[in-house]
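For the sequence shown, the positions run 39 to 227 when the numbering used here is used.
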Amino acid sequence: MENIKERVAKAVQEKIDIVPYNPDWPRMFLLEKNHLLSCMPDNIVKRIEHFGSTAIPRMSAKPIIDILVEVTSLEDTKKVIVPILTAHGYEYFWRPSWGDDVPPFYAWFIKRDQNGQRTHHIHMVEHDFEHWDRLLFRDYLIEHPDIAKEYEKIKVNLAKKYPNNRVAYTQLKTEFIVKITKIAKKQYQ
């Protein structure tokens, strides 16, 4: 059995594939949302949102549905939800929000298909985590297709340059995401 360092090392080196937009992605989100609601206690889970590039119409993306789940308590999530989802085959990581070991930490799950390919990432955070700003980023890209195309180009180029380095791929997108999120915050709040 792999230890946590081996599991993380393996996960961050998996190939990054950017594929054309799949109009089935919203349906895949809804199916997974319904599955999560059916197996997790509603006294811990509050809201479930589709975010990330698969939530943006016509945008090429990694074919992985990103789901943001609001939980009342990360401690309760560790005690109650982690055993449920790992029993359903999800991989669980207690993940830092930024960098290698920078708090705040949150619960993160990977769901895979029968071939071992990632299909979903489940990000579980409390209501006050900055992850909720990612919905502003999502909404801004939906409303501004030209900015979405710019982001898509960045992602495609990074995936070509760092095909097996998910850490570099993610870190090098961050400046653009932060910049657009600041603009979105001003527009929406």
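We put the CB at the ideal spot given by N, CA and C, even for glycine.
Endpoints, alpha helix (DSSP H) assigned at residue i
| i | result |
| --- | --- |
| R204 | R204 to Y226 |
| E70 | W63 to C77 |
DSSP-derived helix/strand/coil call for residue i
| i | result |
| --- | --- |
| K156 | Reading the sequence as shown, one finds Arg at residue 156 and not Lys. Strand, per DSSP. |
| I56 | coil |
| K117 | helix |
| E168 | helix |
| Y178 | helix |
Chain-order list of residues whose beta-carbon lies under 6 Å from that of residue i (same chain, five-residue window excluded)
| i | result |
| --- | --- |
| Y226 | L174 |
| G90 | D104 |
| R176 | F89 and A93 |
Through-space distance from residue j to residue i, alpha-carbon basis
| i | j | result |
| --- | --- | --- |
| R96 | T115 | 34 Å |
| V216 | Y178 | 12 Å |
| P64 | T92 | 8 Å |
| D171 | R204 | 21 Å |
| V50 | R150 | 15 Å |
| S98 | W132 | 28 Å |
| H159 | L69 | 14 Å |
| K187 | N195 | 12 Å |
| T157 | P61 | 15 Å |
| F214 | P101 | 21 Å |
Other residues of its chain near residue i: CB distance less than 8 Å, five sequence neighbours each side excluded
| i | result |
| --- | --- |
| V109 | I82, V83, K84, T115, I119, A145, M162, V163 and E164 |
| I122 | C77 and M78 |
| K48 | E40 |
| K223 | D171 and L174 |
Cβ-Cβ separation, residue j to residue i (assumed contact under 8 Å), whole Å
| i | j | result |
| --- | --- | --- |
| I103 | Y128 | Not confirmed; about 13 Å, so no contact. |
| K211 | K193 | 7 Å |
| A197 | I56 | 5 Å |
| H169 | L112 | That belief does not hold up - the Cβ atoms of H169 and L112 are roughly 12 Å apart, past 8 Å. |
| I185 | I218 | 6 Å |
Run of the beta strand (DSSP E) containing residue i, from where it starts to where it stops
| i | result |
| --- | --- |
| E188 | From DSSP, E188 is part of no beta strand (DSSP E) but of the alpha helix (DSSP H) over P183 to K199. |
| R96 | Element bounds for R96: n/a, residue is neither H nor E. |
| F89 | V83 to F89 |
| E40 | Here E40 belongs to no beta strand (DSSP E), and DSSP marks it neither H nor E. |
| D104 | I103 to V109 |
Cβ shell of residue i (< 7 Å), same chain only, five flanking positions each side left out
| i | result |
| --- | --- |
| A206 | Y200 |
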